[in-house]
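Notes follow once the structure below has been shown.
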Amino acid sequence: MIKFVITDPLYYEQELIKTYEALTGRTLQPADPERLIINLIAYAMTIIAINIDESARQNLLAYAEGEKLDALAEFYGIKRLQAKPAQTILRFSIDTPLNFDVIIPKGTRATPDGNLMFATIEEAKIPAGQLFVDVQAECETPGLIGNGYQIGQIKQLVDPIPYITSVSNITMSMYGADVEDDERFRERVRVSIERFSNTGSRQAYEFWTKTVHQDIEDVSVYSSSPGIVNVVFILKDGALPDTTMIELVRNFLSDEKVRPLTDKVIVSSPEVIEYDISLTYYINRKDEAKIRFIQNEVEKAVQDFVLWTKIKIGRDILPEELIRRVKEAGAYRIDLSSPTYQKLEINQVAHAKNITITYGGLIED
Numbered sequence: 001m002i003k004f005v006i007t008d009p010l011y012y013e014q015e016l017i018k019t020y021e022a023l024t025g026r027t028l029q030p031a032d033p034e035r036l037i038i039n040l041i042a043y044a045m046t047i048i049a050i051n052i053d054e055s056a057r058q059n060l061l062a063y064a065e066g067e068k069l070d071a072l073a074e075f076y077g078i079k080r081l082q083a084k085p086a087q088t089i090l091r092f093s094i095d096t097p098l099n100f101d102v103i104i105p106k107g108t109r110a111t112p113d114g115n116l117m118f119a120t121i122e123e124a125k126i127p128a129g130q131l132f133v134d135v136q137a138e139c140e141t142p143g144l145i146g147n148g149y150q151i152g153q154i155k156q157l158v159d160p161i162p163y164i165t166s167v168s169n170i171t172m173s174m175y176g177a178d179v180e181d182d183e184r185f186r187e188r189v190r191v192s193i194e195r196f197s198n199t200g201s202r203q204a205y206e207f208w209t210k211t212v213h214q215d216i217e218d219v220s221v222y223s224s225s226p227g228i229v230n231v232v233f234i235l236k237d238g239a240l241p242d243t244t245m246i247e248l249v250r251n252f253l254s255d256e257k258v259r260p261l262t263d264k265v266i267v268s269s270p271e272v273i274e275y276d277i278s279l280t281y282y283i284n285r286k287d288e289a290k291i292r293f294i295q296n297e298v299e300k301a302v303q304d305f306v307l308w309t310k311i312k313i314g315r316d317i318l319p320e321e322l323i324r325r326v327k328e329a330g331a332y333r334i335d336l337s338s339p340t341y342q343k344l345e346i347n348q349v350a351h352a353k354n355i356t357i358t359y360g361g362l363i364e365d
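The opening residue of the sequence shown carries number 1 in UniProt numbering; numbering runs sequentially from there.
Next comes the structure, spelled out in structure tokens:
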């Protein structure tokens, strides 16, 4: 970590003692009362130095946080992504067909619990002779809070409409996001200079894709033929994007201010390469007292490996990485049946399918 000023209190204490002894011509002893004053001054100088050092580092992209990072990003013309509302599709129904249209006004609200509201984002109508209409809706409270409501949970109509007898969400609510965190924002600022390229660089497409939504975790960009740009992306924790998110990215990248005129952009989810994990591990007898702890750590190490493989597009399946993690968790010996090494392409991502972890017992050195 870069340091702009010295923040070690011992340094200031020694400098003050040295200066005092030079001015007075006598040696200070540890029990001298003057040492109390010197220690107090050294403490104050250290606090000031720490504040100066931190203030200086807040001017650097690598260390800036919060509002300081926002201010620094203004130099690059970049703004932090704000919270986004969760989205779902609401189905409004009537009991019997009518000989006229039933209008669903824009902003009609439904709720799962009487507190959180989902409102339609456009006007819709149940055509004459039909029983229902599906309407896009979004949560009125931005953020993660609106995510995860299962099909059928948003079923209380807040704004009554004549003839409407029921409302229910037919898709799980998703894509709500909190304000972009510092680390993700910092990385976007770092690569934002690429957006000035007028030739459609790889990092420029990565920057613009990550600008669409905070949930976009990793992006892979490549050209399969001249004029064709393939954009493949995944979401947080390696989740695969659905058609709604793919369409959102496609529309954003098609803007004439983003896409070079000669590029044809193809947006898709990565190809999933499945693999199995089958291993037997043994614990050294000298660690017998820690068996339960090691077993838990081994389970966690395997799950961490599974996540590690799926959060990066094109990341190879490396059995040695799995062995390393399990050994660091406390296993003494490992018999690994699968996976075997597999190289992934730039448009592929690895997902574990069947996971079998067997404790083989205690063994001697």
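Note that beta-carbon positions come from the ideal geometry of N, C-alpha and C, so glycine has one too.
This structure is a prediction, so every number in the text was calculated from the model and none was measured.
Own chain, CB closer than 7 Å to residue i, minus 5 neighbours either side, in chain order
i            : result
arginine 190 : Leu61
tyrosine 332 : Tyr282, Ile283, Asn284, Ile363
arginine 35  : Leu28
Proximity winner among the options, relative to residue i (alpha-carbon distances)
i              : options                        : result
asparagine 147 : Ile161, Asn169, Val133, Val135 : Asn169
glutamate 180  : Asp287, Glu67, Ile6            : Glu67
asparagine 347 : Glu328, Val326, Gly314, Pro339 : Gly314
glutamate 123  : Pro112, Ile103, Asp113, Gln130 : Ile103
valine 42      : Tyr222, Asp32, Pro9            : It should be noted that the sequence gives alanine, not valine, for residue 42. For the residues Tyr222, Asp32, Pro9, the minimum Cα distance to alanine 42 belongs to Pro9.
isoleucine 94  : Leu72, Val158, Lys125, Asp70   : Lys125
leucine 253    : Trp208, Gln153, Glu183         : Trp208
isoleucine 317 : Arg324, Thr309, Ile323         : Thr309
lysine 300     : Lys327, Val231, Ile234, Glu256 : Lys327
residue 367    : Asp215, Tyr222, Ser223, Ser224 : No answer is possible for residue 367: the residues shown for the chain start at 1 and end at 365.
threonine 358  : Val265, Gln130, Leu336, Asp32  : Leu336
isoleucine 52  : Leu40, Val5, Ala71, Leu28      : Val5
residue 366    : Ser278, Ala329, Pro33, Leu322  : Given that the chain is displayed from residue 1 to residue 365, the structure contains no residue 366 and the question cannot be resolved.
residue 432    : Leu248, Leu240, Arg188, Leu322 : The chain is shown from 1 up to 365; residue 432 falls before or after that span and cannot be answered.
Which of helix, strand or coil DSSP assigns to residue i
i              : result
threonine 179  : A small correction: the amino acid at residue 179 is valine; threonine does not occupy that position in the sequence shown. Reduced to three states, the DSSP call for valine 179 is coil.
arginine 333   : strand
leucine 23     : helix
aspartate 304  : helix
serine 269     : coil
alanine 137    : strand
residue 374    : In the structure as shown, the chain begins at 1 and stops at 365. Residue 374 is therefore absent and cannot be evaluated.
methionine 245 : helix
lysine 125     : strand
lysine 257     : coil
glutamine 156  : strand
asparagine 296 : helix
glutamine 130  : coil
Proximity of residue i and residue j at Cβ, strictly below 8 Å
i                 : j                : result
alanine 110       : leucine 144      : no
threonine 7       : alanine 49       : yes
proline 142       : lysine 106       : no
phenylalanine 118 : phenylalanine 92 : no
valine 349        : isoleucine 234   : yes
serine 220        : isoleucine 246   : no
glutamine 156     : glycine 129      : no
Nearest-angstrom Cα separation, counted from residue j out to residue i
i              : j                 : result
isoleucine 228 : glutamate 206     : 15 Å
isoleucine 2   : arginine 57       : 8 Å
glutamate 297  : tyrosine 281      : 12 Å
threonine 96   : proline 112       : 25 Å
glutamate 13   : glutamate 54      : 21 Å
tyrosine 63    : serine 166        : 52 Å
proline 160    : phenylalanine 185 : 42 Å
glycine 360    : alanine 289       : 16 Å
proline 270    : threonine 211     : 19 Å
asparagine 59  : proline 162       : 59 Å
glutamate 217  : threonine 46      : 40 Å
leucine 40     : glycine 25        : 22 Å
arginine 80    : serine 192        : 12 Å
proline 260    : arginine 195      : 11 Å
Same chain, Cβ closer than 6 Å to residue i, five either side skipped, listed in chain order
i             : result
valine 306    : Ala352
glutamate 140 : Met117, Ala119
isoleucine 78 : Val189, Ser192
Any chain B beta carbon closer than 8 Å to residue i
i              : result
asparagine 347 : Checking the listed chains, one finds no chain B in this structure; it contains a single protein chain.
Spatial neighbours of residue i in its chain, beta-carbon cut-off 8 Å, leaving aside the 5 residues before and after
i             : result
isoleucine 37 : none
arginine 250  : Val265, Val267
glutamine 342 : Ile273, Tyr275, Asp316, Ile317, Ala350
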